[in-house]
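In my numbering, the protein residues as written are 2 to 363.
If you want it as structure tokens, here you go:
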């Protein structure tokens with residue numbers, strides 16, 4: 002074969018290799034959430050793209066077959082041509098054949114490898130991953146036609162590959178995952194609102210997305226703004242504090258200022274009247290959950306649900322208490338402000354200073 006024909010086939014095979022690499026990553030990286038609306042709109046290329054994504058195992062087999070064949074042909078067709086192009090001038094300069102052949106071979110191998118890895122592999126891969134949705138729309142149609150042409154070969158290869166995967170205790174997948182990430186869901190909701198297909202006047206959906214981005218430290222009440230009661234508070238004093246503040250839960254503190262736990266109004270209402278002037282029994286105190294300030298809000302919610310505690314102590318990295326997290330403040334991140342059933346004003350618990358509350362504090 003003429004050396005220049007070898008160069009020509011090198012270019013052709015590099016393009017073919019790049020096609021299969023780009024198609025492979027496009028099928029794997031494309032998002033169904035971007036393709037399915039186009040299918041519903043009647044886009045034929047999108048329909049073919051979705052077909053390829055739903056048969057990802059077969060499509061990957063086709064791509065791997067194509068890449069392997071192209072790579073072998075590049076080595077067998079292009080490398081000898083480039084080798085001869087360098088060997089001939091060296092021999093013309095009277096370089097011994099024993100030296101010219103190895104040098105030409107090494108140079109040809111380096112050139113072919115560089116072109117194959119960069120133009121045939123890395124460049125198409127990076128482009129395909131960057132614009133996966135557009136790439137799968139452009140490449141799926143020829144890929145599906147090639148798959149139909151080599152169907153018998155691909156069927157055998159895919160059958161062998163699937164059984165090899167099962168032998169390792171894994172289940173092969175024939176379809177790209179159809180679950181959506183939170184960013185994709187948020188994008189769908191925003192698009193639906195713009196199109197007038199979805200109403201979120203209360204902001205519940207928006208809050209649900211923001212909910213996952215907040216931490217305990219973002220919504221906790223700083224200790225200096227928390228209304229607390231001494232652990233030796235009597236039932237009568239507790240009920241008067243409820244009447245003054247409108248709060249149904251109070252953090253209880255030891256004489257040295259350490260947090261002892263918390264009490265709910267119903268914990269005090271069941272105490273007999275004859276003990277109304279005596280300190281509330283310590284046994285009635287509820288335990289505080291402990292949460293790090295950098296814990297995400299949804300994880301804090303799960304912890305408070307698991308422990309049954311509606312009040313949590315917020316700790317910094319050194320283990321010092323920096324604030325208090327109330328269960329209703331967590332829920333408010335989803336549904337908006339919640340007013341305590343006993344609360345008489347619209348003020349939040351941390352808008353009232355200790356002096357305003359006229360109650361003992363840490």
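Note that beta-carbon positions come from the ideal geometry of N, C-alpha and C, so glycine has one too.
* To do: Provide the residue span of the alpha helix (DSSP H) that contains residue 150, from first to last.
  => Here residue 150 refers to the residue found at position 149 of the chain shown. 133-150 is the span of the alpha helix (DSSP H), which, as asked, contains residue 150.
* Residue burial classification, residue 270 (beta-carbon count within 10 angstroms, cutoff 16) -> Within the chain shown, residue 270 is the residue found at index 269, counting from 1. So residue 270 counts as exposed.
* To do: Apply the 10 Å Cβ neighbour rule to residue 199 and answer buried if 16 or more other Cβ atoms are within range, or exposed otherwise.
  => On the chain shown, residue 199 is found 198 positions in, with the first residue counted as 1. Residue placement at residue 199 is flagged as unreliable, the pLDDT there being 49, under the threshold of 50; the coordinate-derived value follows with that caveat. With fewer than 16 Cβ atoms within 10 Å of its Cβ, residue 199 is classed as exposed.
* To do: State the Cα-Cα distance for the pair residue 297 and residue 50, rounded to the nearest angstrom.
  => As a working note, residue 297 is residue 296 in the chain shown. As a working note, residue 50 is residue 49 in the chain shown. Distance between the alpha carbons of residue 297 and residue 50: 38 angstroms.
* **Beta-carbon proximity of residue 1 to residue 166, cut-off 8 angstroms** => Not covered by the structure: residue 1. The range shown for the chain is 2 to 363.
* Given a threshold of 16 other Cβ atoms within 10 Å of its Cβ, counted over all protein chains shown, does residue 33 qualify as buried or as exposed? -> On the chain shown, position 32 is the one that residue 33 refers to. Buried is the call here.
* Taking all protein chains shown into account, decide if residue 19 is buried (16 or more other Cβ within 10 angstroms of its Cβ) or exposed. => Position 18 of the chain shown, counting from 1, holds the residue named residue 19. So residue 19 ends up on the buried side.
* **Span separating the alpha-carbon of residue 326 from that of residue 55** => The residue given as residue 326 occupies position 325 in the chain shown. The residue given as residue 55 occupies position 54 in the chain shown. Computed Cα separation, rounded: 46 angstroms.
* Give the range of the beta strand (DSSP E) segment to which residue 262 is assigned. => In the chain shown, counting from the first residue as 1, residue 262 sits at position 261. From DSSP, the beta strand (DSSP E) with residue 262 extends over 260-265.
* To do: Indicate the three-state DSSP secondary structure (helix, strand or coil) for residue 38 in the structure shown.
  => Here residue 38 is taken as the residue at index 37 of the chain shown, counted from 1. Helix at residue 38.
* Just how far apart, CA to CA, sit residue 9 and residue 135? -> In the chain shown, counting from the first residue as 1, residue 9 sits at position 8. In the chain shown, counting from the first residue as 1, residue 135 sits at position 134. Residue 9 and residue 135: Cα-Cα distance of roughly 29 angstroms.
* In its own chain, which residues sit with a C-beta less than 6 angstroms from the C-beta of residue 287, not counting the 5 before and 5 after it? -> Within the chain shown, the letter at position 286 stands for residue 287. Contacts found: 262 and 263.
* What three-state label does DSSP hand residue 297 in the structure shown? -> Position 296 of the chain shown holds residue 297. Correct three-state label for residue 297: strand.
* To do: Taking the CB atoms as reference points, tell me whether residue 217 and residue 293 lie closer together than 8 angstroms.
  => Your numbering for residue 217 matches position 216 in the chain shown. Your numbering for residue 293 matches position 292 in the chain shown. Yes, Cβ-Cβ distance for residue 217 and residue 293 is below 8 angstroms.
* Please classify residue 127: is it buried, with 16 or more other beta-carbons within 10 angstroms of its beta-carbon, or exposed? => Position 126 of the chain shown holds residue 127. Exposed is the call here.
* Just reading off the beta strand (DSSP E) that residue 253 is part of, what are its end residues? -> In the chain shown, counting from the first residue as 1, residue 253 sits at position 252. Start and end: 250-254.
* the region 102-113 / the region 74-85 touching (three or more Cβ pairs under 8 angstroms) -> yes
* **Residues near residue 316 in its chain [Cβ-Cβ closer than 8 angstroms; skip 5 each side]** => As a working mapping, residue 316 is identified with position 315 in the chain shown. These residues qualify, in order along the chain: 291, 292, 293, 294, 322 and 323.
* With 16 other Cβ atoms within 10 Å as the buried cut-off, status of residue 99 -> As a working mapping, residue 99 is identified with position 98 in the chain shown. Classification for residue 99: exposed.
* **Candidates 26, 259, 21 and 97, of which the one nearest residue 146 by Cα** => Residue mapping note: residue 146 aligns to position 145 of the chain shown, counting from 1. Among 26, 259, 21 and 97, the Cα nearest to that of residue 146 is on 21.
* Should residue 117 go down as buried or exposed, given a rule of 16 or more other Cβ atoms within 10 Å for buried? -> The residue given as residue 117 occupies position 116 in the chain shown. The residue in question, residue 117, is buried, as its Cβ has 16 or more Cβ neighbours within 10 Å.
* Asked: Among all the DSSP beta bridges, which residues are the ones paired with residue 223?
  -> Numbered from its first residue, the chain shown carries residue 223 at position 222. Bridge partners of residue 223 according to DSSP: 324.
* Could you work out which residue in 319, 332 and 320 is closest to residue 300 when comparing CA atoms only? => What you label residue 300 is simply residue 299 of the chain shown in a count that begins at 1. Per the Cα distances, 332.
* Asked: Straight-line CA distance for residue 239 to residue 37?
  -> To locate residue 239, count along the chain shown from 1; it is residue 238. To locate residue 37, count along the chain shown from 1; it is residue 36. Cα to Cα, residue 239 sits roughly 60 angstroms from residue 37.
* What residue does the beta strand (DSSP E) around residue 315 start on, and which one ends it? -> As a working mapping, residue 315 is identified with position 314 in the chain shown. Residue 315 -> beta strand (DSSP E) spans 312-316.
* To do: Consult DSSP for residue 167 and reduce its assignment to one of helix, strand or coil.
  => In the chain shown, counting from the first residue as 1, residue 167 sits at position 166. Residue 167 falls in the helix class under three-state DSSP.
* Boundaries of the alpha helix (DSSP H) in which residue 246 is found, first to last residue -> On the chain shown, residue 246 is found 245 positions in, with the first residue counted as 1. First-last of the alpha helix (DSSP H) with residue 246: 236-246.
* Asked: Helix or strand or just coil, what does DSSP make of residue 290?
  -> As a first step, residue 290 is located in the chain shown; it is residue number 289 there, counting from the start. Three-state DSSP puts residue 290 in a strand.
* Asked: How many angstroms separate the CA atom of residue 305 from the CA atom of residue 231?
  -> Residue numbering aside, residue 305 sits at position 304 when the chain shown is read from its first letter. Residue numbering aside, residue 231 sits at position 230 when the chain shown is read from its first letter. Distance between the alpha carbons of residue 305 and residue 231: 24 angstroms.
* Please work out which residues of its chain come closer than 8 angstroms, Cβ to Cβ, to residue 17, disregarding the five sequence neighbours upstream and downstream, and give them in chain order. => By one-based count along the chain shown, residue 17 stands at place 16. Around residue 17: 67 and 71.
* Asked: Just the Cα atoms here: how many angstroms apart are residue 13 and residue 73?
  -> On the chain shown, residue 13 is found 12 positions in, with the first residue counted as 1. On the chain shown, residue 73 is found 72 positions in, with the first residue counted as 1. About 13 angstroms.
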